[in-house]
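**Student:** Have a look at this one.
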Amino acid sequence: MDTFLSKIELQKILFGEELNRLSLQSCQLAPCNRTVKIHVFRNHAFEPVASVIAPFLSYSGIAAEFSYSAYDDTFSFSDIPDNADTILVWIDLDHYGEDIDLKFFLSERLSVLRAKNNADIVLVASGSRMVDWKDFHISGCYIASTDMLRSYYGGILFDERLQRVTATRLSNIACLQVARWLGMVILPPIFLPNLKAIVLDLDNTLYKGVLGEDGIDGVVLTQGHRYLQEKLKELKDEGFFLSIVSKNEIEDVQKMFEKRKDFPLKWDDFSAVGISWQSKSLNMSVITQQLRIAPDSLLFIDDNIGEVVSVVAEFPDIRFILADSIDGCRTKDILSFYPGLFKWHKTDDDMKRVMDLRSNEVREKLQQSLTQEEYIQELNLQIAYHVNSRENLVRIAELGNKTNQFILSYTRLKEQDFEKIMNRAGCDVVDFSLKDRLSDSGLIGAIITKFVGETLFVEDIFVSCRALGRGIEDVMILKAIDVVRKKYAPKEVQVCYKKGERNKPALMWLEKVSGCTAGENGSIIFPENLFQIESNHILMSVE
Amino acid sequence: MTEKIIQVLSSVIKKTEAEVLALEKKNERYWDSLQTIEIVFCLEQEFGITIDSDDIPSLKSLGSIEEVVRRALKKS
């Protein structure tokens, strides 16, 4: 209960409209389970931001240790510490004359930095000059501009009187807003997987009023609630599942969404619903089962503190927002800064995920009424394998870092690591995409291999849980290994594994296919006959 | 007012409130221009004042800070 109350208190301080430097410096930090080292290359001071960033990062369980370069407008990137997890390039663009092509200059400097060091790079630009970063891409390099925060610091980015005294001109309010933005939006997705779903209460959360009392026409969509619904719709389009837990009659709720044409959110926008008079924690269990998502990847939003307490008591790892029952805009602002909801790269697969889940219901019905062979035939399955596809780097890295259940070795590589593997002789990454007549699941798995001597080592295998349950895991994965096997003709194939907290499904698959028992970590030999598996009725292609 | 200033100094310079009473910038290795800016930011936010840029270099001890804050309060 104490932890819960301190989280509520933190929510007020960290997501408040007005941030206060002294309150931030003296607030009780949330416990951190990840410490990261961030080295800052800069041409203006970062310290007034760093001194207030800790509470924001700690909200995601991250503690940061900062180290600094000397001020350097040339960004020579000398003396990069070997142990930096992330390099922050903190730049005031107004230090450069109009005659300097900033995009060319910075692209060249960042390429040099990437060649020197493998850490993730985050460039944060300030100043009145703008750089068009379209078509810029360096693996593991992220670009942001403080201009994105203009509406929050009220346009007062600089306090010119400071330049007479010290090496920055960022105003206090800008420093505080930037600290929140970096600590809650920009940096967490570099260190931690994003959330996957947002679970919403209805009454006094998505609109003003109580459906059961005020009726469909009586509940009010205030301007603030409209902004909130629009923000949620935006998040849905970025691939976050939306769902409802509510104590209401499901028919009434359905009718409300049908009748209230003014609501930006529609009934179909929700991938799962738990609507009944049962407790919200029971309804939440329904949601986790329907979405196949663990509670620590869910964000629960409710205006009723009692309901939040009861759900958190049952699911201690769940994230939550105590919604403002009157001002929907406040809830929207909290959501805008909530860690785990910002994606550096938006891929086509984000939308496919939402569509795919919807098709699962039909698949399940088919599976119950048909034999496995008939079922596969009926689905018109197509699997496309890609070998060392640089186009898919972002998605492969994303999947490799967020898959928890069907992952064999937890290699958890970054985009730039995958790129290096693809460039190395004897090393390969094979990704695979799945499509059937109901939906295009997109890229749903990958394997990492290394050919040494006469042995092919499969160093990791990871598959999205969305692709599981169709009875095609064996053929899908074994054929991926076979693609590389054909390339090197090894005498032996060894599949590596490491037992983790949640990868039991992957280890069970490994034991079932190989007929061997997996220990804590090691490798299992896959005999040649395993790769003779039949793949009738599945259309396969290799690119 | 003094109590709030002590709280600000203690938070920024990372000293106990008792230590802050005898604090002198010239004796503090870690009290540099960035720390001074932090003190300015906190004081301005806590007291709702704007400190004149000419006054910033004179923020060197509890006494001098009190004087600058008092002056800024009169102006606001």
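One line per chain: the protein sequences are A and B, in this order. Convert by adding 111 to the 1-based position in the first sequence; the result is the number in this note's numbering. Convert by adding 696 to the 1-based position in the second sequence; the result is the number in this note's numbering. C-beta: ideal position from N, C-alpha, C; glycine also. Just so we're clear, the structure is a prediction, and the values are computed from it rather than from any experiment.
Could you tell me which chain A residues have their CB closer than 7 Å to the CB of Glu734/B, listed as they occur along the chain?
**Tutor:** Ordered by position in chain A, the residues that pass the 7 Å Cβ test against Glu734/B are Pro159 and Ser162.
**Student:** Would you list, in sequence order, the uninterrupted beta strand (DSSP E) runs of no fewer than 3 residues that lie entirely inside the region 529-580 of chain A?
**Tutor:** Within the region 529-580 of chain A, the complete beta strand (DSSP E) runs of at least 3 residues are 538-546, 551-563 and 566-574.
**Student:** So, is the C-beta of Asn144/A closer than 8 Å to a C-beta in chain B?
**Tutor:** Chain B contact via Cβ: absent.
**Student:** Whole beta strand (DSSP E) runs in the region 401-444 of chain A with 3 or more residues, listed along the chain?
**Tutor:** The region 401-444 of chain A contains these whole beta strand (DSSP E) runs: 409-413 and 430-433.
**Student:** As a quick exercise: from Lys358/A, Ser357/A and Leu343/A, pick the residue whose alpha carbon is nearest that of Phe351/A.
**Tutor:** Residue Leu343/A is the option with its Cα nearest to Phe351/A.
**Student:** For Asn503/A, list the residues DSSP reports as bridge partners.
**Tutor:** Beta-bridge pairing links Asn503/A to no other residue.
**Student:** Applying the 10 Å Cβ sphere with the 16-neighbour rule, what's the burial state of His248/A?
**Tutor:** It is exposed - the Cβ of His248/A has fewer than 16 other Cβ atoms within 10 Å.
**Student:** At the 8 Å Cβ level, is Ser137/A part of the contact set with chain B, yes or no?
**Tutor:** Yes - at least one Cβ of chain B is within 8 Å of the one on Ser137/A.
**Student:** Taking Cβ positions, are Leu199/A and Val163/A nearer each other than 8 Å?
**Tutor:** Going by C-beta atoms, Leu199/A is not nearer than 8 Å to Val163/A.
**Student:** At a CB-CB cut-off below 7 Å, which residues of chain A make contact with Ile752/B?
**Tutor:** Neighbours of Ile752/B on chain A, chain order: Val276.
**Student:** Restricting to Cα atoms, I'd like to know which of Leu376/A, Phe431/A and Asn394/A is closest to Ser408/A.
**Tutor:** Of the candidates Leu376/A, Phe431/A and Asn394/A, the one whose C-alpha sits nearest the C-alpha of Ser408/A is Phe431/A.
**Student:** For Arg132/A, would you say it is in contact with chain B, using Cβ-to-Cβ distances shorter than 8 Å as the test?
**Tutor:** Answer yes: the Cβ-Cβ gap between Arg132/A and chain B drops below 8 Å somewhere.
**Student:** For Asn283/A and chain B, any beta-carbon pair shorter than 8 Å?
**Tutor:** Output row for Asn283/A: interface = yes.
**Student:** Mind listing the chain A neighbours of Ser707/B? Cutoff is C-beta to C-beta under 9 Å, in chain order.
**Tutor:** In chain order: Arg132, Leu133, Gln136 and Ser137.
**Student:** Can you grab the Cα-Cα spacing for the pair Asp551/A / Lys463/A, in whole Å?
**Tutor:** When rounded, the distance between both Cα atoms is 6 Å.
**Student:** So Thr146/A is in the beta strand (DSSP E); what residue range does that whole segment cover?
**Tutor:** Element bounds for Thr146/A: Arg145 to Arg153.
**Student:** In the DSSP assignment, find the beta strand (DSSP E) that holds Phe179/A and state where it starts and stops.
**Tutor:** Checking the displayed sequence, the identity of residue 179/A turns out to be Tyr instead of Phe. Residues Ile173 to Tyr182.
**Student:** State buried or exposed for Asp528/A, treating a residue as buried only when at least 16 other CB atoms are found within 10 Å of its CB.
**Tutor:** The residue is buried, with at least 16 neighbouring Cβ atoms inside 10 Å.
**Student:** Residues in the same chain with beta-carbon distance under 8 Å from Leu433/A, minus the five sequence neighbours each way, listed in chain order, please.
**Tutor:** Within the same chain, Leu433/A has close Cβ partners Ile119, Gln122, Asp413, Asp414, Ile416 and Val419.
**Student:** Using a beta-carbon distance below 8 Å, is Arg272/A in contact with chain B?
**Tutor:** Closer than 8 Å to some Cβ of chain B, the Cβ of Arg272/A qualifies, so yes.
**Student:** Tell me, please, whether the CB atom of Ala156/A is closer than 8 Å to any CB atom in chain B?
**Tutor:** By this cut-off, Ala156/A is an interface position.
**Student:** In terms of residues, what are the limits of the alpha helix (DSSP H) holding Gln365/A?
**Tutor:** Residues Ile361 to Lys370.
**Student:** Is Asn315/A helix, strand or coil by DSSP?
**Tutor:** The answer is coil: DSSP assigns Asn315/A none of H, G, I, E or B.
**Student:** Report the neighbours of Phe743/B on chain A: residues whose CB is nearer than 8 Å to its CB, in chain order.
**Tutor:** Those do not exist, as Phe743/B stays about 11 Å from chain A at its closest Cβ, beyond 8 Å.
**Student:** So is Val704/B in contact with chain A if we call contact Cβ pairs under 8 Å?
**Tutor:** True, the Cβ-Cβ gap to chain A drops below 8 Å.
**Student:** Using a Cβ-Cβ distance cut-off of 8 Å, determine whether Leu758/B contacts chain A.
**Tutor:** Taking Cβ atoms only, chain A never reaches closer than 8 Å to Leu758/B, which makes this a no.
**Student:** Could you tell me whether the region 487-501 of chain A touches the region 539-546 of chain A, using the rule of 3 or more Cβ pairs below 8 Å?
**Tutor:** Output reads yes: the region 539-546 of chain A touches the region 487-501 of chain A.
**Student:** Tell me, please, whether the CB atom of Leu717/B is closer than 8 Å to any CB atom in chain A?
**Tutor:** Not closer than 8 Å to any Cβ of chain A, the Cβ of Leu717/B fails to qualify, so no.
**Student:** With a threshold of 8 Å between beta-carbons, can Glu713/B be considered close to chain A, or not?
**Tutor:** No - not a single Cβ of chain A is within 8 Å of the one on Glu713/B.
**Student:** With a CB to CB cut of under 8 Å and the five nearest residues on each side skipped, what residues in its chain are close to Leu618/A?
**Tutor:** Closer than 8 Å at the Cβ level, and outside the excluded window around Leu618/A, lie Leu519, Tyr608, Lys610 and Ala629.
**Student:** With DSSP collapsed to three states, give me the class of Asn305/A.
**Tutor:** It is coil, neither helix nor strand.
**Student:** Mind checking whether Ser757/B and Lys721/B have CB atoms under 8 Å apart?
**Tutor:** Yes; because the gap between Cβ atoms is below 8 Å, this pair is in contact.
**Student:** Compare the C-beta of Glu740/B against all C-beta atoms of chain A and say whether one is closer than 8 Å.
**Tutor:** Output row for Glu740/B: interface = yes.
**Student:** Assess contact between the region 218-231 of chain A and the region 264-278 of chain A, defined as three or more Cβ pairs (one per stretch) separated by less than 8 Å. Is contact present?
**Tutor:** At 8 Å Cβ cutoff, the stretches do not touch.
**Student:** Between Leu769/B and chain A, is the shortest Cβ-Cβ distance under 8 Å, so that the two count as touching?
**Tutor:** Closer than 8 Å: no.
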